[in-house]
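Structure first, commentary second.
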Amino acid sequence: MSGAQLPANLSAQTVREIAEKRDEPEWLLDARLDALDALESLDLPDVIQTPGRRWTNLEALDFESLVDPLDQADETERTSDEGVEVLTFTEALEEHPELVESAFGSTIDPQENYLTALSAALFTTGTVVYVPEGVDAEDVTIRAEMNSRSLFSHTLVLTEQSSSVTILESIESGAESDADARYFSNLVEIDAGENSYVQYGSLQDLDEDTYSYSLKRADVGTYATVNWIEGNLGSRLTRSDVESELNGDSAETKIVGAFFGHGGQHFDVNARVWHNAENTTADLVTRGVLDDEARSVYEGVQDVGRDAWNTSSYQRENTLMLSDESEADASPKLIIHNHDTEASHSATVGQVDQEDLFYMISRSIPDHQARNMLVEGFFVPVLEEIEVEEFRDDLEELIAARLR
Amino acid sequence: MSSEQDHLKETDTEARFDFKKEESSAFQTEKGLTEETVRVISEDKDEPEWMLNRRLRALKQFQEMPMPTDWPGQPDLSEVDIAEIVPYIRPDVDVRAGVDDWTELPDEIKDTFDKLGIPEAEKNALSGVGAQYESEVVYQNMQERWEEKGVIFMNMDEAVQKHPDIVREHFMTKCVPPSDNKFAALHGAVWSGGSFVYVPEDVTVEMPVQAYFRMNSEGMGQFEHTLIVAEDGAEVHYIEGCSAPKYSAFNLHSGGVEVFVGEDAHVQYSTVQNWSKNTYNLNTKRALVEAGGRMEWISGSMGSKATMLYPSTVLKGPGASDNHITIAFAGEGQNIDTGAKVYHNAPNTKSTIESKSISKDGGRTNYRGLVHIADGAEDSSTSVECDALMFDNESTSDTMPYMEINESKVDVAHEATVGKIGDEDVFYLQSRGLDDDDAKQMIVSGFIEPITEELPIEYAVELNRLVELEMEGSLG
Chain A
1 MSGAQLPANL SAQTVREIAE KRDEPEWLLD ARLDALDALE SLDLPDVIQT PGRRWTNLEA
61 LDFESLVDPL DQADETERTS DEGVEVLTFT EALEEHPELV ESAFGSTIDP QENYLTALSA
121 ALFTTGTVVY VPEGVDAEDV TIRAEMNSRS LFSHTLVLTE QSSSVTILES IESGAESDAD
181 ARYFSNLVEI DAGENSYVQY GSLQDLDEDT YSYSLKRADV GTYATVNWIE GNLGSRLTRS
241 DVESELNGDS AETKIVGAFF GHGGQHFDVN ARVWHNAENT TADLVTRGVL DDEARSVYEG
301 VQDVGRDAWN TSSYQRENTL MLSDESEADA SPKLIIHNHD TEASHSATVG QVDQEDLFYM
361 ISRSIPDHQA RNMLVEGFFV PVLEEIEVEE FRDDLEELIA ARLR
Chain B
1 MSSEQDHLKE TDTEARFDFK KEESSAFQTE KGLTEETVRV ISEDKDEPEW MLNRRLRALK
61 QFQEMPMPTD WPGQPDLSEV DIAEIVPYIR PDVDVRAGVD DWTELPDEIK DTFDKLGIPE
121 AEKNALSGVG AQYESEVVYQ NMQERWEEKG VIFMNMDEAV QKHPDIVREH FMTKCVPPSD
181 NKFAALHGAV WSGGSFVYVP EDVTVEMPVQ AYFRMNSEGM GQFEHTLIVA EDGAEVHYIE
241 GCSAPKYSAF NLHSGGVEVF VGEDAHVQYS TVQNWSKNTY NLNTKRALVE AGGRMEWISG
301 SMGSKATMLY PSTVLKGPGA SDNHITIAFA GEGQNIDTGA KVYHNAPNTK STIESKSISK
361 DGGRTNYRGL VHIADGAEDS STSVECDALM FDNESTSDTM PYMEINESKV DVAHEATVGK
421 IGDEDVFYLQ SRGLDDDDAK QMIVSGFIEP ITEELPIEYA VELNRLVELE MEGSLG
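Protein chains in written order, with UniProt numbering: chain A, 1 to 404; chain B, 1 to 476.
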């Protein structure tokens, strides 16, 4: 029980209203109502705790003032590529009812925690990307703008055998709203069929009065690959979970993360992978920079199951601190149940290398510029992992803007 | 050398004599834990009022605190029922005679010691320098030349009587308060025995001070307290060994270790623990280090059914430093949950943690560590290295480090690897004529060498033999 206070107009009636307006099938309404009911008994997502400290204060989310379920607005541009269907959630319900029904909640249980249930009960926007067998699609973009106090989104990606797709998603705050704080929630489920390839890039640049929660999880099938790129720059408090379940033999995943916090921003960034089959490979790379009083929390989990023979699993996390008032907490975890594993993780925290800085200043580069160059350089290993140029440019630009 | 041995023998006899005079009959408390039990223990030890009050306060805290159950992947403690534990046993003369005469030992212990390859003389030295049997230290001895320099090494109960000022100031006050965790509170209520080491300013104790703890009775709890106070510029190396035979019921070991490292002082604390495989080993160990001081923890955790132990160091003064070197081996049915905690609370502090673990036959090892760098602890650095070796896919090995960094001018690095024993390495050794078991044995010895080379030779030998035993036991 989270004990969080909910807005007065959040009731079964509200949920029915949302479903009716969208002309949703019975099963989805039921799933929404079940999720709503479950709120009473569900906890907030786990947060790391060490003696005397709770690393992220999710209890601070005041849903009573943050959430208005009946006033949700977004403007989302979707572009598609040949052969691939990129539909709004509502369109998808009409065109592929069975597909949506079987995929919804199959990767992320709506009742996994309080925030997922809230999201499942209330979501009004979202996208379904359906890639039929053998189709290769490169340019799928979902650019969303949030225009209300709260917004809940649900995205499904389904790739059939031997298909491939690259999806770029971004979210930013749109028109001014009178609310002094906002809440954005995003659930992304990827079901990657046999031998398919998914690259899913996500860029979050919400204004800094927004609280955001996102859970992205992939079910990776035999010989399939899911590569995640997760860029977080905006929002007041970010809780981001990116997870891959390697359920098919020889499945692969890469989770690349970048964050840059300033002011009083708080990032709780998590990358997790479960090796549940043989010959699976995972690579987790995260780099973050903190300035002012920003705070980061990182958890990386590599979980190797009992039957995961011949696993390779790597993780590295590096945080650069630009200010004394910032705080960087990290917990990279290895959970190993099968000895036929090669796994490693590493994490470092430090400041801009003084010698590098000195070297550059001695070459007559001004202080500030030298520091900025080093920060940009720090992100290079992450940027290099991003295969999509457009996305890399976006991220680079946002980083540069922040350094100005 | 021979005069030293004579001296050892002499004090040996003396101590035995004194012991008999004071305590002619065995005494033990009832199972379970009540205020009455605590009062009885305190009374039996003829303790001053303040110590009784500390015990009672700790008992209250123990009763109020919940069991630690919600840590991710922690050992199952549901079997640990304090109501089933005999918290205090004062050994009687007969039992004590059993300790002194190794031939009287149960076969299992005797075999173990024989297999350990510790020579007869060494066995006596281990039991003789400072030995605790059940709840009481049955033997204590210190060489005269240290005594002359003002070094104190005695059992903790005696220290309460003879050095109340030092004890009162340091005992479970600022280092390990009973409120730290449920088992520290339990320890505070029923502690008994243990070592007290005091080294005055600028004194260096060249030879290690040793203590050995044995738990022999079924269903008992052992709660020895070790307090080490090294004044400014002092230097001491304290070594502790532990063992207990195996019974069907569970045993509980919940010791407390407090180390005070003065300015520019240096304390090394080494331990090889080999509790029986029905023992729950739930210890609290902590060191407070002043400016320029250095603390070193070296530990081998071999036995026990479940261990939860995270020696911690608080680096209080500028330039203080800490080294942790640990090795854990978990075989069938064992869950060794251990790690290290370091708090960098001052500038220019340094710490290194080197942890190795081996899991085999369904054993479970976990590195759980915390590095905290406080705001203002600038120019601090820490490096954590964890390596896990696994033998089979019945076993589990987890690494869960936590890093809290509040200061930017720092250098923090954590690294961990997990791997199986290298097939190529085994093949190479086999091709040189070693059989499979010997080859694996050799690889494991090489794996733990960074740890063993830090230990005094007899402990290194003990650790190696223990590893060998674990390896054999699982193969046979």
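Built from N, CA and C at the ideal position, the CB exists for glycine as well.
task = Write down every uninterrupted run of the beta strand (DSSP E) in the stretch 223-248 of chain A whose length is 3 residues or greater and which is fully enclosed by it, in chain order.
result = 225-232 and 237-246
query = Which residues of chain A have a Cβ atom closer than 8 Å to the Cβ of I405 of chain B, listed in chain order?
reply = T319, M321, E327, A328, D329, A330 and V349
Sheet register partners of K356 of chain B (DSSP bridge) = B:I327 and B:D387
query = What whole-angstrom Cβ distance do A388 of chain B and I336 of chain A have, given they're in contact under 8 Å?
reply = 7 Å
ask   = Taking Cβ to Cβ, would you say E245 of chain A is nearer than 8 Å to V269 of chain A?
value = The answer is no: Cβ separation not under 8 Å.
key: Helix, strand or coil at P381 of chain A [DSSP, three-state]   = Under the three-state reduction of DSSP output, P381 of chain A falls in the helix class.
request  = Going by CA-CA distance only, name the one from A:A144, A:W228, A:L290 and A:Y130 that's closest to S408 of chain B.
outcome  = A:L290
request  = Look at the alpha carbon of S254 of chain B and the alpha carbon of H187 of chain B, and state the distance between them as a whole number of angstroms.
outcome  = 6 Å
Where the beta strand (DSSP E) containing M65 of chain B begins and where it ends = Segment: none, M65 of chain B is in no beta strand (DSSP E) and carries neither H nor E.
inquiry  = Counting only Cβ pairs nearer than 7 Å, list the residues of chain B close to H337 of chain A.
reply    = N393 and T396
query = Does the beta carbon of E95 of chain A sit closer than 8 Å to a beta carbon anywhere in chain B?
reply = no
query = Per DSSP, what kind of secondary structure is N393 of chain B in: helix, strand or coil?
reply = Look at N393 of chain B here: in three-state DSSP terms it is coil, with no helix or strand label.
inquiry  = Using beta carbons (cut-off 8 Å, strictly below), is D438 of chain B in contact with chain A?
reply    = no
ask   = Buried or exposed: which applies to Y130 of chain A, given that a residue is buried once 16 or more other Cβ atoms fall within 10 Å of its Cβ?
value = buried
message = Determine whether the beta carbon atoms of E293 of chain A and G248 of chain A lie at a separation below 8 Å.
response = Cβ distance not < 8 Å, so E293 of chain A and G248 of chain A don't count as in contact.
Minimum Cβ-Cβ distance from D411 of chain B to chain A less than 8 Å = yes
inquiry  = Just to confirm the assignment, what range does the beta strand (DSSP E) spanning G261 of chain A have?
reply    = E252 to G261
Distance CB(A121 of chain A)-CB(R32 of chain A) smaller than 8 Å = For A121 of chain A and R32 of chain A, yes; Cβs fall inside 8 Å.
Straight-line Cα distance separating S357 of chain B from K174 of chain B = 31 Å
key: At least three beta-carbon pairs within less than 8 Å, the stretch 270-278 of chain B to the stretch 446-465 of chain B   = yes
task = Have a look at the DSSP bridge pairing and note the partners of A137 of chain A.
result = A:V165
ask   = Beta-carbon separation of F260 of chain B and I298 of chain B under 8 Å?
value = no
key: Spatially closest choice to Y213 of chain A from A:T348, A:D46 and A:V382, by CA coordinates   = A:D46
key: I108 of chain A: first and last residue of the uninterrupted beta strand (DSSP E) it sits in   = Per DSSP, I108 of chain A belongs to no beta strand (DSSP E) and is neither H nor E.
Interface flag, A416 of chain B vs chain A, CB-CB below 8 Å = So yes, A416 of chain B belongs to the interface.
task = Measure the Cβ-Cβ separation of V205 of chain B and W146 of chain B and say whether it is below 8 Å.
result = yes
S344 of chain A at chain B interface by Cβ criterion, 8 Å = yes
query = At least one CB of chain A closer than 8 Å to the CB of Y402 of chain B: is that the case?
reply = yes
query = Does DSSP put T88 of chain A in a helix, a strand or coil?
reply = strand
inquiry  = Does the stretch 326-343 of chain A come into contact with the stretch 358-369 of chain A, if we say contact requires no fewer than three beta-carbon pairs (one atom in each stretch) closer than 8 Å?
reply    = no
key: Three or more C-beta pairs below 8 Å linking the stretch 51-61 of chain B and the stretch 31-39 of chain B   = yes
request  = Indicate whether N281 of chain B and F250 of chain B have their beta-carbon atoms separated by less than 8 Å.
outcome  = no
task = Note down, in chain order, every chain B residue with its Cβ under 8 Å from the Cβ of residue 420 of chain A.
result = Here chain A covers residues 1 to 404 and nothing more, so residue 420 of chain A does not appear.
task = Classify Q13 of chain A as buried or exposed, calling it buried when 16 or more other Cβ atoms lie within 10 Å of its own Cβ.
result = exposed
request  = Return the residues of the stretch 338-361 of chain B that lie within a Cβ-Cβ distance of less than 7 Å from chain A, sorted by chain order.
outcome  = none
inquiry  = Check whether chain B comes within 8 Å of D353 of chain A, counting only Cβ atoms and requiring the distance to be less than that.
reply    = no
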